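S.K.:
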Amino acid sequence: MHPRREALLAGAADIAPILIGVFPFGVIAGVAAVEAGLRTLQALAVSPIVFAGAAQLASIDLIGHDAAPVVIVLTALVINSRMAMYSAALAPELPGLGRWRTIVGAYLLTDQAFAVSIVRFAEKNEGVDLKFAYYFGAAISLWTVWQISTVIGVVVGRGVPEEWSLDFAIPLVFIALVFPAVKDRGTRVAAVVAAVAASSFTGLPLHLGLLAAAALGITAGVVAERGR
Amino acid sequence: MTTFSPGAIWVIVITIGVGTFLIRVSFLALLGRVERIPDWGTRILRLIPAAVLAAIAAPALTHATGSFDLGTVRFAAGAAAALVAWRTRNVIATLAVGMGTLWILQALV
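Quick note, the sequences are listed as chains E and W, same order.
Using this note's numbering, the first residue of the first sequence is number -1, and each one after it goes up by one.
Using this note's numbering, the first residue of the second sequence is number 24, and each one after it goes up by one.
Next up, the structure:
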């Protein structure tokens, strides 16, 4: 087999177990878009345009609550700001990609594709072509599963009766995501302070409570880490 | 249900999409011209997911009815789901226990 194809398939195979957990998350993102009142075409378009699970869910939820557009955009971008970290970590691994592979690679960047690729790059010293092929194999697999699962969610969301309370799956997904994000003392303090603050700030105008609580949590996390 | 016009929603979604792409492409495109992220930047970026995700999840459980109330079926179901998420870190198990608990409690209460 051609080594580049081999690397691509290895990327797809390595991310496959993670995709099982991505699938229900995508379905819920589709359901959420319908619940928020988006038209079918818009509900379908969010996934290819934004392609970022937590930010999609949070912004759709805020759209459903008629939050101020600036707050909605800011919240989504704050959630996605972590990707600058991945971008910075991948850049020295993938030098000289050229314009198109940089654009495609950046568009497809996710937590999961980054995680499997950075492990592979540390283990195997390959040329940039093979590294990119591996990354692309992982990233495009996740993209495909995300698009299919959100389409299913949009279709399901249209047909499920209200008594099923499927909207509750949205906070559940965030609960499922927050625990893996808590890795040490700093992240734990950040999460606890942000949670308490967010529940205290629900009265703030423009749905600013979320951003204010996150800022407070991050500050507390920085202080907690400095105290070590 | 939103009262935003479809046009307004397009603008919001596309702005988020463009902004997210710029974040993703940032260092991949700038390599060689820009130094790496300073340490204080990495420290803050590392904390963002935990803080933001917790800030989104908490009020949905503590304010399920619109005002503060820890006696709701949603708070109980969310607490059960949180326990599962903490112990297993499994998305499907968390969703199953959360939704299952909610449905059982709704049928009972």
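Every residue gets a Cβ at the ideal spot worked out from N, C-alpha and C, and that includes glycine.
Please read all numbers here as calculations on a predicted model, not as lab measurements.
Which residues in chain E have a C-beta closer than 8 Å to the C-beta of W:A80? List them in chain order.
M.R.: Here the neighbours are P169, F172, I173, V176, A193.
S.K.: According to the neighbour-count rule (16 or more other Cβ atoms, all chains shown, within 10 Å of its Cβ), is W:H86 buried or exposed?
M.R.: Classification of W:H86: buried, given that the 10 Å Cβ count is 16 or more.
S.K.: Using a Cβ-Cβ distance cut-off of 7 Å, determine whether W:A52 contacts chain C.
M.R.: Judged by its chain identifiers, the structure shown contains no chain C, and its protein chains are E and W.
S.K.: Please determine if the region 116 to 135 of chain E and the region 17 to 36 of chain E are in contact, where contact requires at least 3 C-beta pairs separated by less than 8 Å.
M.R.: With a cut-off of 8 Å, the region 17 to 36 of chain E and the region 116 to 135 of chain E do not count as touching, because too few Cβ pairs lie within range.
S.K.: How many angstroms separate the CA atom of E:A50 from the CA atom of W:G40?
M.R.: Cα to Cα, E:A50 sits roughly 9 Å from W:G40.
S.K.: Measure the alpha-carbon distance for W:A102 versus W:L51 and round it to whole angstroms.
M.R.: Answer to the nearest angstrom: the Cα atoms are 40 Å apart.
S.K.: Run through chain E and tell me which residues come within less than 7 Å of W:I37, C-beta to C-beta.
M.R.: Going along chain E in sequence order, the residues near W:I37 (Cβ under 7 Å) are I47.
S.K.: Using CA coordinates, which residue listed in E:L88, E:W98, E:G96, E:E121 is at the minimum distance from E:T108?
M.R.: When only C-alpha atoms are compared, the closest one is E:L88.
S.K.: Check the Cβ-Cβ distances between W:P29 and every residue of chain E, and say whether any is below 7 Å.
M.R.: Answer yes: the Cβ-Cβ gap between W:P29 and chain E drops below 7 Å somewhere.
S.K.: Helix, strand or coil: how does DSSP classify E:D64 here?
M.R.: In this structure, E:D64 counts as coil in the three-state DSSP scheme.
S.K.: I'd like to know if the region 66 to 77 of chain W and the region 88 to 98 of chain W are in contact, where contact means that at least 3 CB-CB pairs between them fall below 8 Å.
M.R.: Taking 8 Å as the limit for Cβ pairs, the verdict is that the region 88 to 98 of chain W does not touch the region 66 to 77 of chain W.
S.K.: Near E:G184, which residues of its chain fall below 6 Å by C-beta distance, leaving aside the five closest residues on each side in sequence?
M.R.: The answer, listed in chain order, is G219, A222, E223.
S.K.: On a CA-only basis, which of E:P178, E:G103, E:I150 is nearest W:R47? Give me that one, please.
M.R.: When each option's Cα is compared against that of W:R47, the closest is E:G103.
S.K.: Excluding the 5 residues flanking W:L128 on each side, which residues of the same chain have their C-beta closer than 7 Å to its C-beta?
M.R.: Answer for W:L128: V96, A99, A100, listed in chain order.
S.K.: Rounding to the nearest angstrom, what Cα-Cα distance links W:G30 and E:R156 in this structure?
M.R.: When rounded, the distance between both Cα atoms is 21 Å.
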